[in-house]
Amino acid sequence: MADEFQLVGKCFRSRLIVGTGKYRDFAETKRAVEAAGAEIVTVAVRRVNITDPGKENLLDFLDPSHYTILPNTAGCFTADEAIRTARLAREAGIGSLVKLEVIGDQKTLFPDVPATIEAAKVLVREGFQVLPYLNDDPVAAKRLEEAGCAAVMPLAAPIGSGLGIRNPYNIRIILEQSRVPVIVDAGVGTASDASVAMELGCDAVLMNTAIAGAKDPILMAEAMRLAVEAGRKAFLAGRIPRKLHATASSPIEGLIG
Numbered sequence: 662m663a664d665e666f667q668l669v670g671k672c673f674r675s676r677l678i679v680g681t682g683k684y685r686d687f688a689e690t691k692r693a694v695e696a697a698g699a700e701i702v703t704v705a706v707r708r709v710n711i712t713d714p715g716k717e718n719l720l721d722f723l724d725p726s727h728y729t730i731l732p733n734t735a736g737c738f739t740a741d742e743a744i745r746t747a748r749l750a751r752e753a754g755i756g757s758l759v760k761l762e763v764i765g766d767q768k769t770l771f772p773d774v775p776a777t778i779e780a781a782k783v784l785v786r787e788g789f790q791v792l793p794y795l796n797d798d799p800v801a802a803k804r805l806e807e808a809g810c811a812a813v814m815p816l817a818a819p820i821g822s823g824l825g826i827r828n829p830y831n832i833r834i835i836l837e838q839s840r841v842p843v844i845v846d847a848g849v850g851t852a853s854d855a856s857v858a859m860e861l862g863c864d865a866v867l868m869n870t871a872i873a874g875a876k877d878p879i880l881m882a883e884a885m886r887l888a889v890e891a892g893r894k895a896f897l898a899g900r901i902p903r904k905l906h907a908t909a910s911s912p913i914e915g916l917i918g
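The numbering used here numbers the first residue of the sequence shown as 662 and each following residue consecutively.
What follows is the structure, given as structure tokens:
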């Protein structure tokens, strides 16, 4: 049977979710999304036009009937700002699925967790399916799950840093306790980082800068697709245990001569 990723009642073949910012133009965005094999595409409502049909619109390049468009509240620094931005996307007909970001610090772009929880509770009550960006904090992840979020999205490292997963142990705790999908969001730098996230057992990986900021974004998008697929297969296959000493690949009993 196909190993599908399930989110808000829908099945997806791809476990790679990509952002749409920082590309040279919408045409390059489209090529990168296609090379990544992504089915879910996230869009910063306050930065990329998806609501005004009178201007160049990303949705003219990425057909909403083919992709699941995931509006996000990037650039919001209060719960109220994030709530208004999510409502704007829904009023524009984008849907009720939203990636919730409430930034707490301009320099690090770390989330404001209390404000994120506050906004999540409001949006869930209003019928949104909320995917919150949060620290790699198991307590915060549990609080957001209890608030009714459809998934939790712990960062690997600061947004755009490319540092990869800095705290795999916290990610493992989040995975052990969560009954909703766990999607690593932010900090992936290269293909091996994406593979590590999948080998830990994460349901999906979301990235933007790692692809858009590469010297060859299209080639990097393909590399990320392959890395996510390889990491997922390795997780399902089950790695050998780590040992301090060597173990012969062939048995030493019954040697000839």
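Where is the CB? At the ideal position from N, CA and C, for every residue including glycine.
Legend entry - The beta strand (DSSP E) enclosing G680, as first and last residue numbers: Counting along the chain, the beta strand (DSSP E) containing G680 begins and ends at 677–680.
Inset, instruction - Could you check what DSSP says for I834 in three-state terms: helix, strand or coil? - result: If DSSP states are grouped into helix, strand and coil, I834 belongs with the helices.
Inset, instruction - Mark E762 as exposed unless 16 or more other C-beta atoms lie within 10 angstroms of its C-beta, in which case mark it buried. - result: With 16 or more Cβ atoms within 10 Å of its Cβ, E762 is classed as buried.
Legend entry - Three-state secondary structure assigned by DSSP to A705: Correct three-state label for A705: strand.
Legend entry - Residue range of the beta strand (DSSP E) that includes F789: Counting along the chain, F789 falls outside any beta strand (DSSP E), and DSSP gives it neither H nor E.
Inset, instruction - Provide the residue(s) that pair with N718 in DSSP beta bridges, ordered along the chain. - result: As far as DSSP is concerned, N718 takes part in no beta bridge.
Inset, instruction - Count the other C-beta atoms from every protein chain shown that fall within 10 angstroms of the C-beta of D877, then say buried if there are 16 or more, exposed otherwise. - result: Under this definition D877 is an exposed residue.
Inset, instruction - Just the C-alpha distance for M881 and D773, rounded to the nearest angstrom, thanks. - result: For M881 and D773, the distance between alpha carbons rounds to 31 Å.
Inset, instruction - Return the Cβ separation of V841 and A811 in integer angstroms, given the expectation that the two are a contact with Cβ distance under 8 Å. - result: At roughly 6 Å, the Cβ-Cβ gap stays under 8 Å, so V841 and A811 are in contact.
Inset, instruction - Pull up the DSSP beta-bridge partners for I844, would you. - result: Beta bridge pairing from DSSP links I844 with A865.
Inset, instruction - Consult DSSP for F673 and reduce its assignment to one of helix, strand or coil. - result: Three-state DSSP puts F673 in a strand.
Inset, instruction - Identify, in the order they occur along the chain, each residue of the same chain with its Cβ nearer than 6 Å to the Cβ of E779, setting aside the five sequence neighbours on each side. - result: Non-local beta-carbon contacts of E779 in its own chain, meaning distances under 6 Å to residues more than five positions away in sequence, involve A740 in chain order.
Inset, instruction - Report the residue from A696, D713, N828, G680 whose alpha carbon sits nearest the alpha carbon of A888. - result: Among A696, D713, N828, G680, the Cα nearest to that of A888 is on A696.
Inset, instruction - Would you tell me roughly how many angstroms separate the C-alpha atoms of I701 and A875, rounded to the nearest one? - result: Their Cα atoms are separated by approximately 20 Å.
Inset, instruction - State the CB to CB distance for the pair I828 and D864, rounded to an integer number of angstroms; the pair is presumed to be in contact (CB under 8 Å). - result: Correcting the residue identity first, residue 828 is Asn in this sequence and not Ile. Wrong, their Cβ atoms sit about 18 Å apart, outside the cutoff.
Inset, instruction - Return the residue from the list S675, Q838, T777, T703 that minimises the CA-CA distance to G756. - result: Distance check between G756 and each of S675, Q838, T777, T703 places T703 closest, using alpha-carbon atoms only.
Legend entry - Three-state class that DSSP yields for L897 in the structure shown: Looking at L897 - three-state DSSP - the assignment turns out to be helix.
Inset, instruction - Spatial neighbours of F666 within its chain, please: CB distance less than 8 Å, with the 5 preceding and 5 following residues excluded, ordered by chain position. - result: Taken in chain order, the residues that qualify are C672, F673, R674, S675, R676, P842, D864, A865.
Inset, instruction - Please look up how many angstroms separate the CB atoms of T746 and V706, rounded, as I've assumed it's under 8 Å. - result: About 5 Å separates the two Cβ atoms, so the contact holds.
Inset, instruction - From the DSSP output, read off the bridge partner residues of T729. - result: Under DSSP, T729 shares a beta bridge with I701.
Inset, instruction - Enumerate in chain order the residues of its own chain whose CB-to-CB distance from D862 is below 6 Å, with the five nearest sequence positions on each side excluded. - result: Position check: residue 862 holds Gly in this sequence, whereas Asp was assumed. Hits under 6 Å: L836, F896.
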